[in-house]
Each structure stands twice: as structure tokens, then as C-alpha cells.
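Protein chains in written order, with the numbering used here: chain Y, 1 to 287; chain F, 288 to 574; chain W, 575 to 891; chain B, 892 to 1216; chain S, 1217 to 1515. Glycine included, each C-beta is placed from N, C-alpha and C at the ideal position. Beneath this line is the structure, given in C-alpha cells, with notes to follow.
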Ligand SMILES: Nc1ncnc2c1ncn2[C@@H]1O[C@H](COP(=O)(O)OP(=O)(O)OP(=O)(O)O)[C@@H](O)[C@H]1O
Ligand SMILES: Nc1ncnc2c1ncn2[C@@H]1O[C@H](COP(=O)(O)OP(=O)(O)OP(=O)(O)O)[C@@H](O)[C@H]1O
Ligand SMILES: [Mg+2]
Ligand SMILES: [Mg+2]
């Protein structure tokens, strides 16, 4: 997909966006919608953490969720692959559709869902096994045991995650934990890619990394966008501005329940937000 | 002390600074120097976390420490009241002078030091006792048991921390834990004030708070500056720009050891930093 | 300064030196408390040290290879081979049941248990057995296995009673080991589309192995020393000379058979103290106690060592 | 970018789970393993309750006759008052806790607040070894070392008198070392690791922020321990003491070996006494299944069971309190 | 059941006669177990278990070892547990032989007691012993014993000894030793209780306590008293001027003695019968019994 270089007016002083992106139409053709949430509310026990969020994510685009700490970004992100199921007391209401299919329904196989919607976490969390085994983990659990196919898959995934060259020499000997933070995070991305997902969720994937690794991950995200739909949570507004097509701004009300203030093309959110709250936030008045 | 309203050119777009501040001279008269560090290096075991930092803090001013995660800001902050002593394996080299006295020396009473150099933490940490007892805790441990004096002190401290009006009705019945996050943080500040410190250290004091509480704390800091020397660590550059007189920018080298890139009047750091690294950081190129 | 700044502003007078002697009393109290707390730590070591020294001296000249490998004798020092064998045999028999059941139970409690009445009952049961006196468990074994089942005093009855007694501990320790595995690892696996059981089987259990082994060994130490449970279940007597070539486990004369009485080392100590005869009685008890303590030491050091080696193997490159 | 799907068989989001998946065998298996504990406890309770109530049901004794001071199984109409044994268990346990609690809490504080890493790495394994030392070994140490020591050292009456006030305290000396004190001492060492490790956990559970919060205010470490740590961990320490108490009350062999087993309440800590467990070990083997005497022993076991279940409930109540506040 | 393998045998007795002759002998033995000692050892293979009295345990253990040495196919496992355990377990069928210091009918209900068969295999005697400090006392009369044990006399100088308080060490009220002593010497009088009395559950514990406790007195079995290690540490007393010897037990002049009873449920069969027969045979009666300080069965 050729990238049309229509870059909005610089958002913050001296922001140099490495790969300028097209402003994306939010109201897209329905066929292009990869994920849609409708009136999603999530609570932990009695406490509402996310209230009534409806938004859509285009296929092969990057949506960034920004907002102050505690506004429910991570909680909301986890509803896409139903990771909230794992949290005792968490309950999700509303609809979350993947390709038009509501994933919240009881007869949906979460295992299958999570294969199609991969996830990368804030802290790189490779398994304490060799690099090879880390990447082969998902495929193996899917029943892929053919040596050759596995080798191919591991190689492709590591290449896609831009890690192959750095690790190819001791793939099987080196533990995933012996890598640097940035490499570990790319390994985690490779591990997700190996299960052949359609959507990748990333919860502050670079916040534990150094500047160089961060740039690397951002670059990688832009590359992956060609083939995957990505939803990323970030605290770093510059990062959101740099990598995403669409930005959703969350904040929380007095009762501390998070809600969606506005969502729109990244350029627009950072230059002409329609809400005062958004403006206050991105201008650094709070947060 | 009259505040000269010479406020530097706005630093980031749309930043509305509530209380414009005077640009502070870094090279001040020695008599005004409250804290001075010389060649401070701090390591955890073999790992160097902070390398060779020398800076000075003026009396009754606010110094902000900014920098990416892991650059050693918190570690450095903790050397002012020797809280690093409590971390097994942490070792501090160099000199840290409070009013010209080196606090690192063996015969310094850390108890006395910490009374003069108070500290407020990232997560509000009130003790599990009544509001009154929380504030009276420090004075009591100093041997103050006179009912009347204690009552006065608790009231003054809570007033200074701008919490009195909200809590005065059930000072003795309500637990400190029953307050909201922002109130808890102000309670922690009141608790520190009650021990009559000269310096107050704050490690991301507002990062766990909602926007309104954050603004409140910032306002409070500006008030406290009239009587106290404050050192604050913050991730929020806008916050640093809003509240501090002087900003110090930390980053880390390849070996992940944190060091001081530059320190200077806040206005200058945010508009005309002398180092490319600082410029990259505050412009959001990384971090 | 603002209006509500109050009267006790920051003291502006001469500041006390940091090296001043402000609050001498509290500093002295702190020093005293530190000394006392160090003292308690030292006392524990002192007690343990003197116990070990006591048995080391008492066992000097008693414990030898032949003491460990010979049959008991009334006229000479003899050995403790059969009772030592029984201890090891009972340990193995007990662990054979307790380890798998405890591990699986631990998996349930750590990974599946919700907050419902059954789980509550399991927890209550777990806590209850842990606090039931061992003698009560022994008596329970006596009625159920020995008398009602007509097994008589048998190794099996003892091992089952021991299993009952130690199952909660084993379950608790496995649960702890499994819970110690960071949630991240589970999330990572589940987010990759692994099923819950796959996650447990391929990620959680392997990561918990050091903790699990430690749990097994600590339980083993407790099983090894237990006597009160066995007095009434596995029997208290002088074991015959065993013929280890007899591998027929259904034959009660075989030392491999669970259907025979099995006096263990700790029961033997109790027996010698109660009704022992012969010139060497006290030496034999001292020697046996020394061996028991050494085994406990070995179990502990072993647990630590194995745990460390395994976790290094699992985490390092 | 090429899809990787070729590597995998196709599967649908809503694919009907296979029979195996629906059965979820692993879950069932681990559940059964965990639930087996309920069965064990239920059996244990049923048996002990059944046996323990035979004295009332079959032998026709009243509850009042049991909770009486007179124990005379050899009388023409045997009397089975188990009160002396219950009281004995209480006093010997109390003695043990009195000795052990300060020491254990001290060690726990030492480990959690004071000890540097190296000291911790010595003391902690030492405590584990304490746990591992079997009770017969403690008993053996008791009769070979402690009992003769007590008898030799304090064989005269123990009298403390002040110049003017006169005698302020006097106590008969040890006739023999077999005594309340010997029992309590042995028990106190046996419960030391239990109380220590549970209180240690309680101290560790106090958030680090409270410690640093206090120290940053310029308090000494001891002030922090005394005013923040101990109040915060109090319920945990209480739990530890209750667990120690249960263990002490249920300990059989070691106590029986050193306590003298005299079926009367002692007048001083230098005198012999008896407990529920020691009476059970003493008489169980000599009595015959089904005779009232043995039924009375089972009733004592039932009392022990009740004590331990009560303590479990007590611990739960304490912990619920803690969660609540 | 001409092969001797009685199918109705309640205890898990596995008699596998080595030879037809042995099988015959075993059948014969089961009809008259103790009355006619066989001239030679009757070897039957199999496994039996015994439990019960700790006072009889040394003897049974030695006899079992000797029998097993002569008859390689036989395994006899000897457990302690106490007289009550022996009676309960033989009644429950958990063991083949239950040993008891006291008669079954004093412990069990009549129907149960009647279902057991008593085999007297030896006489056992007990001796009153004191700590070595109790010098000058070598004999206690029945009367003196009664005064001491009921708490009337509390100092050794009241019975001609040194000025030393008397420390009574009892065996548990349920034990055979205590019951026998109470019956034969104290005539059923009520014993003293309180702070100057100890109760210790076994001969071993009592022996240890006496050697370390000044002024202590207790009653232990001959086999423990005559143990070469114990004997020098104890001051053994005459009873009514009669020496506590096996010979005096045998002649009936020493009164603190009782039968050693071995019980089987119903008549003994197989190895059980053979072993009981061995117990009353010359080997045990002539050699092992004196060695272990028991008395042979008379006549
Ligand atoms: N497991 C949980 N149980 C209970 N409450 C939770 C849980 N996880 C999050 N919360 C609460 O839900 C709210 C939203 O949390 P969430 O982690 O989604 O926020 P976030 O926007 O991701 O914040 P951050 O930027 O700090 O990661 C918060 O108030 C939080 O305290
Ligand atoms: N207790 C500790 N033991 C060992 N290493 C530590 C410890 N605390 C901090 N470090 C390391 O020291 C370095 C500096 O940490 P520090 O917390 O001071 O950074 P920071 O600038 O405050 O970061 P953040 O913005 O995330 O709070 C980091 O690499 C960190 O991993
Ligand atoms: Mg989050
Ligand atoms: Mg920090």
C-alpha cells in the first residue's frame, strides 16, 4: 500500500515523524472494518473501569489508545481477545465484533480467538526456553510438529519481527531471557506472528525499553501494519502521533470509570481535537 | 518573597502556566545553595545506576529531574535523604551536602537528616491509622506529646497541605486510607510538613493521580516553594515546565548507567537546551 | 507564603547539626532493639548448633558404615539397617501417592479454583488436616486401616495415614510453587492461543519445578521423621532380617512388600527409649537420632541445591 | 506480506469444541485430587466423632461426667473426668507460647527487618532444620539432656527473697526434671519455627511503602517496627500464635516423654503433670477396643480435633478481620 | 482340611506345610496346643504376626528369631503396642497372636473373652527397684510397700533408709504391671497421686528415670532389671524378705509374678500352632526363658 504523504501540521514542537502517515477516514466502508465494539462496559466487581465504549478499527491500520493512567486503556484493550476472562471479578458487557462476529458470545472458542488476535505486553515476557522454542511455542500448541514447517515458520516470524539476523546463530542454544530488553520484545512479537494472527494488540510495548529499542519497535509496527491490524496502548503521545492512523482518547470521570472522549484520525486529534478534555490532555495540562 | 513575573516564552504548545515563575540564576551565591552533590555515583551491586552527577539546588526553589525511565532519577533523588541506605546492595559514592555539611559521612544521623529532608512518594502511602495520627506520627516520634501543641501542629500542617477543610470534621475517626488518591497524597505531604523539614523530595508525586488532583498538587508545590526547597522527579514534561525553577535532564548511556546531561533554568532547558539529547527528549523523539 | 501557612513556619534559627545528638533516647532504643533482634537470631543458631554438636559427639564412634548397614543386635552395637530401610521404603510409598495427588491438587488450587463453596471446603479441609494432631491421624489409621480393613500393622496402613497427614502440606507447597510463577507467563501463553491445560503443562509446571522439588523434599523430611502417626499403623517392633532378594511384593516376608509391619527409624528410637534392652541402647538411640538429623539436613540442603540448579537451568541461557 | 496460514489447518472462531475439549479431563482430574482432601477430612471427622461419642452413646456417660475433674478408670463405676487433661494441655501450651512467642516474633523481625542477606541465608535454613527434627528426637533430647539438667540444677526449693520485704516468691524445686517446665520448654522449641515463619510472612506482607514512609519521616527503625510494623502485622502474628498453639496442643511423643504424666494439675512449673495427648499415648495401647476406658481416650481425641478445627476457624476469623480493616 | 490349610482361619495365616509329616503335626498341635511339648521343633512355613504386651515382647522376639533360624520358611513378626492392643487386635483378626499381661476376661466382655484361647507360655516377675541413693534399704514388706505407694510414708527414713523424700514412679493405670502390683501387693488400695508422683509409660522410661532421680522407686519387669546395663544402676529390693529371682517365682515364694498369656482367636492352626508349641518346648523354656529372665511354666 503506497503511503500518501499528507502529514498534518507538526503536533508538538520539534516532533519529527519518521514515516508520515495518511489521515485515515474513520467512517470507512463496512467491509474494511476489522474490529467493532458496541457499548462495551467493563467492571471489576462493582467498580466500573470502562463505560460504554463504541468504536471501530479499520483493517490494516493502527489504532492508538491514549489517556491518563487508570482510564481503562489496558482494560479495554484486553476485551479484544477476551483476556479479561482471566481476571477474577472482571465482567464485560456489550459487543466486540471481529470481522462481524461477536466474540463475546458463549460459544466462541477463546483459544481460536486469541490465535487470531495476538497480544504483546508491556514488559517483554519471553518464556524461559530457547529462542527457537519461544517462537515455536504457539505453533506447537496448535498441533504443528513437522520439523521443516516449524523451522520455516520460526525463521519467517523472526525475520518479520526484525530479529532474525541478531539471533540466527544460536537460535536453539540461547534462552529468550538472555536477550536485551528490546530484543526480548521483538521476540515476543515474533512469537505472536508465528501463530498467524490478524490483529495484534500491544499494551505499552515500548515503555520498558530504551530509546533506540523504542524506535525499532515503532519502525516494526509500521512495517507490520501492511499485513496486520494493530491496536496499541501508549502513554507516550509522541509515539501515538508517530505510529498510529487513528487515535482514541480515554479519560475517567469523577467516579473513576474510564470512557472514550473522542476518536479520530491521529492528525486531527493532535491538532484540532473536538473536545476540550482532549486538548487539555495532549497539551499537557494534566496527565 | 515577591515573585517577579518574567515568564519565559511558552515551552510547549498550549501550555498555560498557572503561576508564571522567575527564571532562576543557576550560578547563585554560595550562601543560597541548599543542596550540592559532587561526583555522586550510585550502584546496585555491580550495576552502576547513576554516574558522576554534580549539581546544586538553590534554597527555596524547585528542581525538577526529568529523563527516560531507568535513567536513575529516583535513585539519585534518594541520595538526598540517604534512602538508598535501605536498599540492600546499593552503594553511593561522592558527596551530598546539605547546607554545606556532607550527609554521606558515617557519623551523620540519618534520622536527623530525614527529618530535615522529607520525602513524598509516587504512590500515596498513608499509614493505616486516623488522619490525625498520620500527621502526628512524625512529631510523636520526635517526642512531642503535648496535646495542644500536637493539635496545633496537625492543623497547621493540614492547612498548609490544603487538606484541612476537607478533613477537619473527622480527623480522628477517618482512616487515612479512606481518602481519595489525591487527598492521600496531600495527607502524605502534610505528614512531612509536620516534621518541619527544610527540603522536600517528591518522586513522581502526581503520576498516580487524576488530572484535578494533579493540578492541586502542583498548585501546592508552588505555595510550598515559599518556605521549602523542593526536588521533584517527574515523567510529565509539562509538569516540570509548569512548576520548576530549574530542570535537570538525565538519560542513560549504552551501559544503562544514568547520568546528568544538562541542568539549567527550566525555561532555558525547554526552549534552548544546549545538548542534542535533551532536545530529542523534550521534543518527544524518544522516551 | 499563603494565609494558612500558620505560625510554625520552617524554623529559621540555627539548625541542629546533622551529627547532633537530637533524640538520644530513641536512638538508644533503636540500638538496643537491634542488639536484641540480632540476639534472637543468634540464639536460634546457638540452639541448633548445640543440638547438632550434641548429636555429633554422641554419635561419634557409634555411627559407622556397619552401623548403617548391619542388622540390629542386642549383645553388640549392631546396626539399624532394617529400620533405616523401612524409613526409606515408607517414604517412597508415601510420596508415591502424596506427590501426584498433591501436585494435581495444587494445580487445581492454583490454576482452577474459583471462589465457590467447594473450593472453600477444600481449603478448610486442607487447613484442618494440617492442624489435626498427628496422633489423632495415627489413631484414625488404626481404626480404619488396621482394624476395620483388617490390614493389621502394615507399611501400607502407615503410608496411607502418612499420606493423609501430609497431603495438605504437599498440596499447599505445590500451590505456592505454581502461584509463584509470574502471571505474565500464563497470560503470554494464553494470549498465543494455548489452552489452559497446555499453558499449565508446558509453561507453568516447568517453571514451577524448582519450587515443586523443594516442596517434595520438605514434605519428605517431615514424612521421614514422623513417628506418632506410625506407632498405631505401621507397627512398633523389631524388624526381622530382611531378604532383599525376595522381590515378591505380595509376600509379607519380602522387604519390598507393603503388606508387612514396618518399624521406621523414628519409631525405633521411640521403642528403644521405651523398652530397649542391652548395653548399647543409648548409643543406638544417639546414633539413630544423629542419622535422622543428618537425613533432615541432607533433605534441606538437597532441596536448596536442586532448586537452585534447576532454576538456573530454566532461566539462564 | 505472505500469510502464514498455509502452515495451519483451518479452524473457525465458533468451531464446536470436540468431545475431549468439552469433557475437559485435566480439570476434572485435578479437581478430584484437590477434593480428595475433603473426603479425607470428612472420613477423619466422622471416625473420630463416632469413636469419640461412644462414651456417651454406648457407655451411657453424660457430658457433665466427662468435663469433670475426677479420672478414675479403675473404680467399680469408672469415672472419666478429662478436665485435668484439658487443663494440663492448656497450661503446658500456655507455658510454651509464653516462652516461644517473644523469641519467635523476635526472630521473625530479625529476618524481615534487620538481618543482612548473609545472616538470613543462615538463620532461615536453620529454622527449616528445626521443623525437620522429629519429635522423638526432641523427646530424647528432653529426657537425656533437659530433664537431668533441670533436676540437678534446681533440686532445692526455689525462693526469691529481698532483704527487707522478705520472701516474694517461693516454689518447690524439681523432684525430678519431669515437669511442666520441661514440657513447655521442649514444646516452645518445637513451635518456634511455626510461629516464626507465619509471623515472618505477616511482616513481609506489610507494604514496603509503609516502612519507607516512616523512615523517610525521620523515625528510627525500632520506632517504625514498634509503631507501624507490629500494629499492621498484628493479626498475622496472632494467626501465628494460634497455629503454634494448635501444634503445641497436639504434640504427643515429645511431651509425653518429659512431662511426667502425673494425672493431676501441677502447683508449680517444677512439678509433673499430664496432657490429653500424653494420656492417649499412655493408655491407648493398654486398653481394649470398645471398653469405656478406651472410649474415653477417643473422646480426648475428639477434644483435640475440636481444638484444632476451632483454631482453623479462629485463624479464618482473624484473617477476615484483617482483610476487612 | 486334612492338608492343614484351614480355610476358616480368621487371621491371615498362610500355613504351607513343608512336609506331610509337618502337616500332620500341625493338625495335631491345633487340637492340643500347649499341653504336650513336642520333642523336636515343628517347622511350618508361612507368616504370622503378633502384637501386645511390651513386657513379653523381648521373650517373644527372641523366640521368634530362634524359630525362624531353625525353620527358614517361617516369618514371625513381633509387634509391641501394649496388652490392650494385643487383645483388641487378635480379637479383630488383625494379628495371629495377642500377648497380654492380664487375663482377657478382665479386659474384654465375656463373649469376646470366650472366643479367645489362652496359651500360657511363661511366668513373669516384677521387682521393686529404687535409685542407688536409697542406701540401706534392701527389703520392703508388703505393709511397707502399701504405706509407701498409698502415700502414707513419704520419706525413706520411715522405712529405715536415708532422709530422702520418696518419689513414686508409676506405670500407667492401664498397664499390666500396675494392675498386677496393685492386686498382689497393694491389695487393691488406692495409690497416691500428686506432685511427688510420676507416671512413665514403659520399662525403659522408668529405668532411665529411676537412675537419674533421687529417692525414686518403681516396679519393673525382671528382664529389664537383669539387663546387665541396667542392673548396676538400680537398687533391687526383696519383697517380704524374698529375693526377686526366677527360682523363687517358679517355686511360688515370690508373689509379685503372673502368667504370660498368649491369645489366639479360636484354636491355633498352622504356623501359629507350631510357634506356640515351640514356645513351650525345651528350647524356649530351657534356654531362652532363663536368659531373658522369665520363669518357665510350671508342670
Ligand atoms: N485486576 C483488576 N482488578 C480490579 N481493578 C482493576 C484491575 N485492573 C485494573 N483495575 C482498575 O481499573 C481501572 C482501569 O485500569 P487500567 O489498567 O485499564 O488503566 P490504564 O488506562 O491501562 O492505566 P495505565 O496507563 O496506568 O496502564 C483502574 O482504576 C484500575 O485500578
Ligand atoms: N533496588 C534496585 N536494585 C537493583 N537495581 C535497581 C534498583 N532500583 C533501581 N534499579 C535500577 O537502577 C536504574 C535506575 O533506576 P531508577 O528507578 O532510579 O530510574 P528512574 O529514572 O527513576 O526510572 P522511572 O522513571 O522508571 O522511575 C534502573 O536500571 C533500575 O533497573
Ligand atoms: Mg495500562
Ligand atoms: Mg523512578
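**Item:** Minimum length 4: unbroken alpha helix (DSSP H) runs contained in the stretch 743-795 of chain W
**Value:** 757-765, 770-773
**Request:** Give me whichever residues DSSP pairs with residue 262/Y in a beta bridge.
**Result:** 249/Y
**Message:** To test your reading of the DSSP string, which unbroken alpha helix (DSSP H) runs of 4 or more residues are found completely within the stretch 363-445 of chain F?
**Reply:** 397-403, 418-428
**Message:** I'd like to confirm something about residue 361/F: is its beta-carbon nearer than 7 Å to some heavy atom of ligand 4, or not?
**Reply:** In this structure, residue 361/F has its beta carbon less than 7 Å from a heavy atom of ligand 4.
**Nearest-angstrom Cα separation, counted from residue 512/F out to residue 228/Y** = 51 Å
**Asked** Exposed or buried, what is residue 1502/S when buried is set at 16 or more other beta-carbons lying within 10 Å of its beta-carbon?
**Response** exposed
**Prompt:** What are the start and end residues of the beta strand (DSSP E) that includes residue 1297/S?
**Reply:** 1290-1297
**Item:** Collapsed DSSP secondary structure at residue 874/W in the structure displayed
**Value:** helix
**Straight-line Cα distance separating residue 1050/B from residue 1406/S** = 33 Å
**Prompt:** Thinking C-alpha only, which one of 1212/B, 1138/B, 1062/B is nearest residue 708/W?
**Reply:** Among 1212/B, 1138/B, 1062/B, the Cα nearest to that of residue 708/W is on 1138/B.
**Prompt:** Alpha carbon to alpha carbon, what distance is there between residue 1281/S and residue 1266/S?
**Reply:** Those two C-alpha atoms are separated by around 13 Å.
**Asked** Does any CB atom of chain S fall closer than 8 Å to the CB of residue 758/W?
**Response** no
**Message:** Does the structure place the stretch 1097-1111 of chain B close enough to the stretch 1018-1027 of chain B that three or more beta carbon pairs sit under 8 Å?
**Reply:** Not touching, per the Cβ criterion.
**Asked** Per DSSP, what kind of secondary structure is residue 218/Y in: helix, strand or coil?
**Response** helix
**Between the CA atoms of residue 72/Y and residue 415/F - distance to the nearest angstrom** = The straight-line gap from Cα to Cα measures roughly 28 Å.
**Item:** Contact test: residue 331/F Cβ vs ligand 2 heavy atom, cutoff 7 Å
**Value:** yes
**Asked** Is it the case that the CB of residue 1092/B approaches a heavy atom of ligand 4 more closely than 7 Å?
**Response** In this structure, residue 1092/B has its beta carbon at no less than 7 Å from each heavy atom of ligand 4.
**Asked** Quick one: what does DSSP say residue 1162/B is sitting in, helix, strand or coil?
**Response** Here residue 1162/B sits in coil by DSSP.
**Prompt:** With DSSP run on the structure shown, which of helix, strand or coil describes residue 628/W?
**Reply:** Helix.
**Request:** Compute the Euclidean distance between the alpha carbons of residue 345/F and residue 617/W, then round it to the nearest angstrom.
**Result:** Cα to Cα, the separation comes out at about 51 Å.
**Request:** Answer yes or no: do residue 1277/S and residue 837/W have a C-beta to C-beta separation smaller than 8 Å?
**Result:** no
**Prompt:** Regarding residue 49/Y and ligand 1, is the C-beta to nearest heavy atom distance less than 7 Å?
**Reply:** With a cut-off of 7 Å, the C-beta of residue 49/Y is classified as near ligand 1, since at least one heavy atom of the ligand falls inside that distance.
**Message:** Out of 724/W, 742/W, 809/W, 806/W, which one is the CA nearest neighbour of residue 789/W?
**Reply:** 742/W
**Request:** Measure from the C-beta of residue 1467/S to each C-beta in chain D and report whether the shortest distance is under 8 Å.
**Result:** Absence of chain D from the displayed structure is noted, the protein chains being Y, F, W, B and S.
**Asked** Just reading off the alpha helix (DSSP H) that residue 1141/B is part of, what are its end residues?
**Response** Segment 1121-1141, the alpha helix (DSSP H) holding residue 1141/B.
**Message:** For residue 1206/B and residue 1422/S, what's the separation of their Cα atoms in angstroms?
**Reply:** 40 Å
**Item:** Beta-carbon proximity list for residue 494/F, same chain, < 8 Å, skipping 5 on both sides
**Value:** 409, 521, 522, 523
**Asked** Since residue 1303/S meets chain B, which of its residues come closer than 8 Å, beta carbon to beta carbon?
**Response** Within 8 Å of the CB of residue 1303/S, the CB atoms of chain B belong to 1179, in sequence order along the chain.
**Prompt:** Can you tell me whether DSSP reads residue 1338/S as helix, strand or coil?
**Reply:** strand
**Prompt:** Is residue 490/F near ligand 4, in the sense that its beta carbon is under 7 Å from a heavy atom of that ligand?
**Reply:** At least one heavy atom of ligand 4 sits closer than 7 Å to the Cβ of residue 490/F.
**Item:** Interfacial residues, the stretch 1407-1426 of chain S to chain B, with Cβ spacing under 9 Å
**Value:** Correct list: 1409, 1410, 1411, 1412, 1413, 1414, 1415, 1416, 1417, 1421, 1424, 1425.
**Message:** Give me the DSSP bridge partner(s) of residue 204/Y.
**Reply:** According to DSSP, residue 204/Y bridges with nothing at all.
**Message:** Taking CB distances under 8 Å as the criterion, tell me whether residue 383/F reaches chain W.
**Reply:** no
**Request:** Return the CA-CA distance between residue 840/W and residue 173/Y, expressed in angstroms with no decimal places.
**Result:** 47 Å
**Prompt:** Going by beta carbon distance, what residues of the same chain come within less than 7 Å of residue 1245/S, once the five residues before and after it are set aside?
**Reply:** Note that residue 1245/S has pLDDT 37, beneath the 50 cutoff, so the model's placement of it is unreliable and the number below is only indicative. Around residue 1245/S: 1258, 1489, 1490, 1493.
**Request:** Please compile the residues from chain S whose C-beta is within a distance smaller than 7 Å of the C-beta of residue 1174/B.
**Result:** 1388, 1390
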